[in-house]
Amino acid sequence: PVHLYGGCADMDPIIEIARRHNLIVIEDAAQAHGAEYKGRRAGSMGDLACFSFYPGKNLGAYGEGGAVVTNNEQYVQLIKQLRDHGQSEKYYHDRIGYNYRMEAIQGAVLRVKLRHLDDWNRARRKHAETYRRQLTKVGLRMLEEHADRNSVHHIFPVFTEQRDELRQHLRAASVDTGIHYPIPVHLQRGYSHLGYKAGDLPETERASRETLSLPMYAELRTEDVIRVADSVRQFCEQSVEVHP
184 PVHLYGGCAD MDPIIEIARR HNLIVIEDAA QAHGAEYKGR RAGSMGDLAC
234 FSFYPGKNLG AYGEGGAVVT NNEQYVQLIK QLRDHGQSEK YYHDRIGYNY
284 RMEAIQGAVL RVKLRHLDDW NRARRKHAET YRRQLTKVGL RMLEEHADRN
334 SVHHIFPVFT EQRDELRQHL RAASVDTGIH YPIPVHLQRG YSHLGYKAGD
384 LPETERASRE TLSLPMYAEL RTEDVIRVAD SVRQFCEQSV EVHP
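In our numbering, the protein residues as written are 184 to 427.
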């Protein structure tokens, strides 16, 4: 399961299905550092979990980095070997492996930044609440909130059929936005051998056409969030006037 945009997937049914069919559950927690599902942190529910420390993440290094976590000792030894050229000890290669060792300087940076993660996530939640309060009745769709989950809002997306027009309007107001993601996986050139074509996954394709990510980072000021929301609201009101 992928904990997308900073919110946890619905893990209980996923784990139940996996146990029934003897499957391993690997959480993709790259965007969900500190997110919670029924009181459990992202990365603590599956058999393994993967975190990204890319600089743009909620907990980001100053370069490339990532981690795999597990409480299964067998997986620990396997991952350590895969990370370091397949070695069980220096110069003893038990399997084909890779050079996935993270630089020590990145670990030092992350160790300091980890102390601030909860505060940064609280700031993101505050910004998300402000966006929701400001944009509740403007005609945009937003992600559903779940009482049993606590998102860390790595990204704050809104959904509209006029995504490109809204993006252009915000750009004119000096508001930068993102599109996550412009091309669905099944339509990426690298997966063309699977035989998918446009129209095969209509909901996925609709999400790709309509998603727009508003500014979201811990250092935003409340007045900045309100200014962005005001620009969005202005566009939506003008759009209603043009397309009643």
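Just so you know, even glycine gets a beta-carbon here, dropped at the ideal spot from N, CA and C. Everything numeric in this text was worked out from a predicted model, so none of it was measured.
Endpoints, alpha helix (DSSP H) assigned at Glu388:
Within the sequence shown, the letter at position 205 stands for residue 388. Segment Pro385 to Glu393, the alpha helix (DSSP H) holding Glu388.
Across the segment 312–319 and the segment 369–386, are there enough close Cβ pairs to call them in contact, namely three or more that are closer than 8 Å?
Under the three-pair Cβ rule at 8 Å, the segment 312–319 does not count as touching the segment 369–386.
Taking the C-alpha atoms as reference points, what is the distance between Asp331 and Ile197?
The count along the sequence shown starts at 1 and reaches residue 331 at position 148. The count along the sequence shown starts at 1 and reaches residue 197 at position 14. Using only the alpha carbons, I get a separation of about 16 Å.
If we ignore side chains and look at the alpha-carbon of each, how far apart do Leu395 and Glu272 end up?
Against the sequence shown, residue 395 aligns to sequence position 212. Against the sequence shown, residue 272 aligns to sequence position 89. So the two alpha carbons sit approximately 48 Å from each other.
Contact check, Ile338 vs Tyr188 under 8 Å by CB: the rounded distance?
Stepping through the sequence shown from its first residue, residue 338 is reached at position 155. Stepping through the sequence shown from its first residue, residue 188 is reached at position 5. A Cβ-Cβ distance of about 5 Å is found for the pair Ile338 and Tyr188, placing them in contact under the 8 Å criterion.
Indicate the three-state DSSP secondary structure (helix, strand or coil) for Arg298 in the structure shown.
As a position in the sequence shown, residue 298 is number 115, starting the count at 1. Coil at Arg298, not helix or strand.
Asp193 versus Glu219, Leu384 and Gly280, residue with shortest Cα-Cα distance
Here residue 193 is taken as the residue at index 10 of the sequence shown, counted from 1. With distances taken between Cα atoms, Asp193 lies closest to Glu219.
Simplified DSSP state of Gly361, which is helix, strand or coil:
Counting from one through the sequence shown, the residue named residue 361 turns up at place 178. Three-state DSSP puts Gly361 in a strand.
My output table needs one value for Leu323: the three-state DSSP class, helix, strand or coil.
Within the sequence shown, numbered from 1, the residue matching residue 323 stands at position 140. Reduced to three states, the DSSP call for Leu323 is coil.
Give the list of continuous beta strand (DSSP E) stretches no shorter than 3 residues that lie fully inside the segment 236–318.
As far as the segment 236–318 is concerned, its whole beta strand (DSSP E) runs of at least 3 residues are 249–253 and 270–272.
State yes or no: is the C-beta of Leu300 within less than 7 Å of the C-beta of Gly280?
Looking up residue 300 in the sequence shown gives position 117. Looking up residue 280 in the sequence shown gives position 97. It is not a contact, given that the beta carbons lie outside the stated cut-off.
Any contact between the segment 227–234 and the segment 242–254? By contact I mean 3 or more CB pairs, one from each, below 8 Å.
Contact between the segment 227–234 and the segment 242–254 is present, because at least three Cβ pairs lie under 8 Å.
Sort Tyr275, Arg224 and Val415 by Cα distance to Gln351 and report the nearest one.
Within the sequence shown, residue 351 is the residue found at index 168, counting from 1. Answer by Cα proximity: Val415.
Which residue comes first and which comes last in the alpha helix (DSSP H) that contains Ile209?
Stepping through the sequence shown from its first residue, residue 209 is reached at position 26. Counting along the chain, no alpha helix (DSSP H) covers Ile209; the unbroken beta strand (DSSP E) around it starts and ends at Ile209 to Asp211.
At the level of alpha carbons, what is the spacing between Asn306 and Glu402?
Taking the first residue of the sequence shown as 1, we reach residue 306 at position 123. Taking the first residue of the sequence shown as 1, we reach residue 402 at position 219. According to the sequence provided, residue 306 is Ala. The question's Asn does not apply to it. Their backbone Cα atoms lie some 8 Å apart in a straight line.
CB-CB under 6 Å to Cys191, same chain, minus the five flanking residues each way: which ones, in chain order?
As a position in the sequence shown, residue 191 is number 8, starting the count at 1. Apart from the 5 residues on each side of it in sequence, Cys191 sits with its Cβ closer than 6 Å to the Cβ of Ala218, Tyr220, Ala225 and Arg332 in its chain, given in chain order.
Chain C beta carbons: is any one of them nearer than 7 Å to that of Gln270?
In the structure shown, chain C cannot be found, because there is only a single protein chain.
Tell me, to the nearest whole angstrom, how far the beta carbon of Val408 is from that of His310; I am working on the premise that it is less than 8 Å.
Here residue 408 corresponds to residue number 225 of the sequence shown, with the count starting at 1. Here residue 310 corresponds to residue number 127 of the sequence shown, with the count starting at 1. Contact holds; Cβ gap of about 5 Å.
Since Thr343 and Glu393 should fall inside the 8 Å C-beta cutoff, what is the C-beta to C-beta distance between them, to a whole number of angstroms?
Here residue 343 is taken as the residue at index 160 of the sequence shown, counted from 1. Here residue 393 is taken as the residue at index 210 of the sequence shown, counted from 1. Contact flag correct, Cβ pair sits at about 6 Å.
Sheet register partners of Leu349 (DSSP bridge)
Your numbering for residue 349 matches position 166 in the sequence shown. BP columns for Leu349 are empty, so no partner.
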